[in-house]
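Here is the structure we will look at, set down as structure tokens.
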Amino acid sequence: MSASQQDGAGGQRLAPPGEHALPGGACDCHVHVVGPQPEYPMVADRHYTPGPAGGDALLRHLAGLGLARAVIVQPSVYGTDNRCMLDSLARMAGAARGIAVVDETIDDAGLRVLHDGWVRGLRLNLESAGRSDPAAIRRSLGAWAERLAPLGWHLQIYASLDAIAAAAPALRGLPVPVVLDHFAMVPARLPHDDPRVQAVFQLVREGTAYVKLSASYRIEPADGAAEATRALARAYAGCNPDRVLWASDWPHTNREPGKDAREVSAYRAIARERLLREIAAWFPDADLRMRALAGNPARLYGF
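Residue numbers for the sequence shown follow UniProt numbering, beginning at 1 and rising by one.
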């Protein structure tokens, strides 16, 4: 993996152009950190193997975009071993928050240890929690929410659009905020009047859910759909500007086709300039940029 891939421009400090000016306290709400092996071993049954993307590279990524804060999300390759994330959070001394993945057997003392290490949310995969059984989803979400509420945490949901739409009734009334990853996985060119899209829009509109506008490459077809993604981003902001978040998805993990899960897959080469263009396109005025990049993250993550 090239240096430019890791930090966006080979470590060079390029000031964002004036038309992309970011607010003070701007936050990247979804990044991952991958440490060296064997210090941070990956789970044996992982689906892919990412290369190193450590704390130094993360700091260069943030500085290059003019960002002050980050939310470090536990990657799947570490399972429920959150040590790499926790070490990175400690290094950033209050300028970052963490989203953990935990085993259902964790006790309240274990959750408190994570909280003391700057973790502020729990990431759940609805599809693995029994998407076809609404009652099982409702029980799982409710049980976790009751445990997280005293800590002031939130539930971060990673799932397909179908899974999120099916779970919408269960998400309402939870005692904690809900965050939906990566545009709630709405395909960029899917019509907005699709009932599943409308179900997600309603969750955002009513304030039940935040949505991360991030990783456009995960919802766009191979031939690109930048205009459709822009329209989707603005539709979310139109539903509720106080429930949208921006994130880069750095270092842009990728599962290369045909590679064995133990072979290192290269990260996607996402240029810094693309991220800045997307920020400008998705959040066209200063007030919306302030909310999506600074105000909303500060409220949700407790910066």
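Where a beta carbon is used, it is the ideal one built from N, C-alpha and C, also for glycine.
Item                                                                                                                                                                    : Value
If we count the other Cβ atoms within 10 Å of its Cβ and call it buried at 16 or more, is residue 366 buried or exposed?                                                : Only positions 1 to 303 of the chain appear in the structure, and residue 366 is not among them; the question remains open.
Answer with buried or exposed for residue 43, where buried requires no fewer than 16 other C-beta atoms within 10 angstroms of its C-beta.                              : exposed
In terms of residues, what are the limits of the beta strand (DSSP E) holding residue 31?                                                                               : 27-31
In the DSSP assignment, find the alpha helix (DSSP H) that holds residue 77 and state where it starts and stops.                                                        : First-last for residue 77: undefined, no H or E at that position.
Measure the CB-CB distance between residue 31 and residue 71 and report whether it falls below 8 angstroms.                                                             : yes
Between the C-alpha atoms of residue 164 and residue 198, what's the straight-line distance to the nearest angstrom?                                                    : 11 angstroms
In angstroms, rounded to a whole number, what distance separates the CA positions of residue 274 and residue 282?                                                       : 12 angstroms
State buried or exposed for residue 104, treating a residue as buried only when at least 16 other CB atoms are found within 10 Å of its CB.                             : exposed
Going along the chain, which residues of its own chain have a beta-carbon closer than 8 angstroms to the beta-carbon of residue 200, five neighbours each way excluded? : 161, 164, 165, 168, 180, 184, 186, 209, 211
Let's see if you can read the secondary structure: which residues bound the beta strand (DSSP E) around residue 158?                                                    : 154-158
How long is the line joining the alpha carbons of residue 80 and residue 60, rounded to whole angstroms?                                                                : 27 angstroms
Could you give the first and the last residue of the continuous beta strand (DSSP E) run that contains residue 123?                                                     : 119-125
Is the region 248-255 touching the region 221-235 in the sense that three or more CB pairs, one from each, lie closer than 8 angstroms?                                 : no
Determine the extent of the alpha helix (DSSP H) in which residue 279 is found, giving its start and end residues.                                                      : 272-282
Bridge partners for residue 246 per DSSP, in chain order?                                                                                                               : 213
Could you tell me which residues DSSP pairs with residue 98 in its beta bridges?                                                                                        : 72, 119
Residue 96: beta carbon under 7 angstroms from a heavy atom of the ligand FMN?                                                                                          : As for the ligand FMN, it is missing from this structure, which has no ligand bound.
What is the DSSP secondary structure of residue 290, reduced to helix, strand or coil?                                                                                  : helix
DSSP on residue 53, reduced to helix/strand/coil?                                                                                                                       : strand
Checking 8 angstroms against the spacing of the C-beta atoms, do residue 153 and residue 120 come in under that value?                                                  : yes
Under a three-way DSSP split, which group does residue 180 fall into?                                                                                                   : strand
For residue 22 versus residue 66, is the C-beta distance shorter than 8 angstroms?                                                                                      : yes
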